[in-house]
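Data block below; observations after.
Residue numbers (our numbering): 836 to 1656.
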């Protein structure tokens, strides 16, 4: 992606202003060659001196231009600049706009009287362009009206059978082609549930007619599409500006063909950009948006930027932190000015919750606020992460390990599922994960041990991965989603509509696990018959349709194998420094944990058609993660010590519309377990969990099956999925009612041995007592106005204990308590 957008404001001139007269004109392409009867091409009029001068700020003049063919018997051109071949010969298309004109030479060849359009090259794109083979239409699981097509034409053999052979060939009429149902239904000559999809006499209509006239043949020796290119790949536009896209397909025989007319266009950011079926992009709002362009199994992204505010460019932080350097560049590109820095109390509470899943004590808060050390924030992060090297300061390592064990236990779905015989297995995996985080082992080691695990699930923690995910398919899907950020589930049945993976890719990847075997053991007596993971000497994946044996193959990677255990080859490839997808997936998760959203969202859907909001930042963090030996703590430290992480959560009028570039800190609801721990700590009334020692924190719970009404209400996940989405951040009415009226919170606040009971017995002034409640609950001193208001309420309250209980209850129910802000 071009990086010169940092100079954006110096270049946004009249070329972005509606109604400005253009000063130069260039046509892309400069000449056109149309081959065959149905050849079409899109020409673009661009404000630039020549093709070499075209850049991301060049204005599109296509919509304002007029087009004229010098010989309509050779080539026709419509008002949008789309050319259609008519007859062999040469002609010119004149493009004029703003008093300027350019001529485009056009050569038309290979026109014949009886064209024979190929099924894959022409029919499939026509069906895709019309939407016939969309997942909501005839490519749905059972098709529509008994007519079934493959998703976006990924299986042309199936499509040909459905059109030309199914139902005794009733959908085509070789004698009277235009009476074919495949033509009469989409033109609404016959009732059609999908509505009008073709216009009689259009190029697409004539392609279908010609194909039927030629015998409705299946694909034979047709070249494959090997890729597509989209122009422009990136543009800076004002709101309401337009840009015509141009799409060129590249074929395996070396040909290139303009397929703008048959490509499918979808906006990935409707609030920023929209796109017409013809590929005309319109900027709807400010920000950064992407258009996904698809053509027969290939997809590309075109990126559009409409700056938020060009009048007050961001001055910058001059920070050495790579997070800040790339964030600064993005802010300047987008015309964003970030919010100011958060205060010390906000940072303290934020850092505690994000790093170790807890809130600071009164003593920790007071010590931090009293410090005048200019480096106290970075030193706090080092203490929380156990990076000081001084055991006297690295006091939080066990809490760090517990919190991140909870995160990865969720993702790895570690649970007894309520079965007593599975508890030993669950504990084995929990303790293994916790030890990895307690000793800060490299994350590539963590993943490698999971992938190549063997032995009893009751004694080998990572072996449980193979009891939780029993089949090669389940293992392939979980591994791809967890460690590559890739969802391949769709490819089990059909080619992924938004990805490059098909059934062969899916089952070849599952082949890495096809020789994993399991048996049972009697070693543990009545508690035994636990699963033992083994490796078999044979077993291969097969393509479900062709039956072909598939050698194990990495996703978008090479064929791999190993003489002892093909999973070793997978682990080697997965964690290799050259495999950037692994590092990017991990980094993106941790950005989301700390900053409230990933650079790619959803965090485990990092396909090529789901671009990062700041790809340079993602790459830089990934490179540093790899260079640092896949050590998670330095990654967390880099993010938490950045100025970006330390932004205030209060947006400014200028950046309020930003939802993905971190110009203000993204407020997050505290997850169920840390929230219960915070309530326990603040009230001084710890929760007792069944069969666990007194003092066990909620973040230390090893199982998803602990019965706790509070945790269930606040969406503790069941660990039924590897998707991050299982732990929903959404608030619910039940949660609000629970904190407002629930017995659990009320009983904790009123606990005779709790904080409030002790507070009212102490000889403290009202001002001191009120201040301590605020410090304990919100990790900040009470303001003068808060103290005054509280004292006024206290003066009118006969029961001092009830007043302080009510005050603590009110603070716990505040957003300042319930959210990381």
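Virtual Cβ for every residue (Gly too), placed ideally from N, Cα, C.
| Check | Outcome |
| --- | --- |
| Give the single residue among 1645, 953, 1500, 1565 whose Cα lies nearest to the Cα of residue 1426. | 1500 |
| With DSSP collapsed to three states, give me the class of residue 1641. | helix |
| Kindly indicate the opening and closing residues of the beta strand (DSSP E) around residue 1126. | 1122-1130 |
| Between the Cα of residue 1104 and the Cα atoms of 1384, 1448, 1560, which residue gives the shortest distance? | 1448 |
| Going by C-alpha to C-alpha distance, which of 1558, 1267, 1516 sits closest to residue 808? | Residue 808 lies beyond the range of the chain shown here (836 to 1656); nothing can be said about it. |
| Please report the straight-line C-alpha distance between residue 909 and residue 940, rounded to a whole angstrom. | 12 Å |
| Tell me which same chain residues have a C-beta within less than 6 Å of the C-beta of residue 1654, skipping the five on either side of it? | 1502, 1504 |
| Measuring straight from C-alpha to C-alpha, what distance separates residue 1383 and residue 1377? | 5 Å |
| With H, G and I counted as helix, E and B as strand and the rest as coil, what does DSSP make of residue 1079? | strand |
| If I measure Cβ to Cβ from residue 1644 and keep anything under 8 Å in the same chain, skipping five residues before and after, which residues do I get? | 1580, 1581, 1584 |
| Residue 900 and residue 930: beta carbons closer than 7 Å? | yes |
| Using CA coordinates, which residue listed in 1482, 1205, 925 is at the minimum distance from residue 907? | 925 |
| Only counting the same chain, and skipping five residues up and downstream in sequence, which positions put a Cβ closer than 6 Å to that of residue 1248? | 1303, 1554 |
| Which one of 1567, 1005, 1577 has the shortest CA to CA distance from residue 1549? | 1567 |
| Between which residues of its own chain and residue 1428 is the CB-CB distance below 8 Å, once the five residues before and five after are set aside? | 1189, 1242 |
| Does the count of Cβ pairs from the stretch 1393-1406 and the stretch 1331-1350 closer than 8 Å reach three? | yes |
| Residue 1523 lies in the beta strand (DSSP E); which residues open and close that run? | Here residue 1523 belongs to no beta strand (DSSP E), and DSSP marks it neither H nor E. |
| Going straight from the alpha carbon of residue 1656 to that of residue 1309, what length do you get? | 37 Å |
| Since residue 935 sits in a beta bridge, which residues does DSSP pair it with? | 932 |
| By Cβ distance, which residues of its chain are closer than 6 Å to residue 1497, with the 5 residues on each side in sequence left out? | 1430, 1479 |
| Determine the contact status of residue 968 and residue 981, defining contact as a CB-CB distance below 7 Å. | no |
| Assign residue 1456 to one of two classes, buried (16 or more other C-beta atoms within 10 Å of its C-beta) or exposed (fewer than that). | buried |
| Ignore the nearest five residues each way along the sequence and tell me which others in residue 1396's own chain have a CB closer than 8 Å to its CB. | 1386, 1387, 1404 |
| Leaving out five residues before and five after residue 838 in sequence, what residues of the same chain have Cβ atoms less than 6 Å from its Cβ? | With a pLDDT of 37 at residue 838, under the threshold of 50, the modelled position of this residue cannot be trusted, and the question is left open. |
| Quick check on this structure: which residue in 948, 932, 1446, 891 has the alpha carbon closest to the alpha carbon of residue 1048? | 948 |
| Quick check on residue 1525: buried or exposed, where buried means 16 or more other Cβ atoms within 10 Å of its Cβ? | exposed |
| Between residue 1186 and residue 1215, is the Cβ-Cβ spacing less than 7 Å? | yes |
| In its own chain, which residues sit with a C-beta less than 6 Å from the C-beta of residue 1123, not counting the 5 before and 5 after it? | 1140 |
| Just the Cα atoms here: how many angstroms apart are residue 1324 and residue 913? | 43 Å |
| Tell me whether the stretch 1040-1055 and the stretch 986-1000 touch, counting them as touching only if at least three CB pairs, one residue from each stretch, are closer than 8 Å. | yes |
| Taking only runs that begin and end inside the stretch 1161-1239, name each unbroken alpha helix (DSSP H) of 4 or more residues, in chain order. | 1179-1191, 1197-1205, 1211-1220 |
| Just how far apart, CA to CA, sit residue 1228 and residue 1218? | 6 Å |
| From what residue to what residue does the beta strand (DSSP E) around residue 1352 run? | 1351-1356 |
| Measure how close the beta-carbons of residue 957 and residue 1060 come, nearest whole angstrom, since I'm counting them as under 8 Å. | At roughly 12 Å, the Cβ-Cβ gap does not stay under 8 Å, so residue 957 and residue 1060 are not in contact. |
| Which class does residue 1583 belong to by DSSP, given the choice of helix, strand or coil? | helix |
| Taking all protein chains shown into account, do 16 or more other C-beta atoms lie within 10 angstroms of the C-beta of residue 1020, making it buried, or fewer, making it exposed? | buried |
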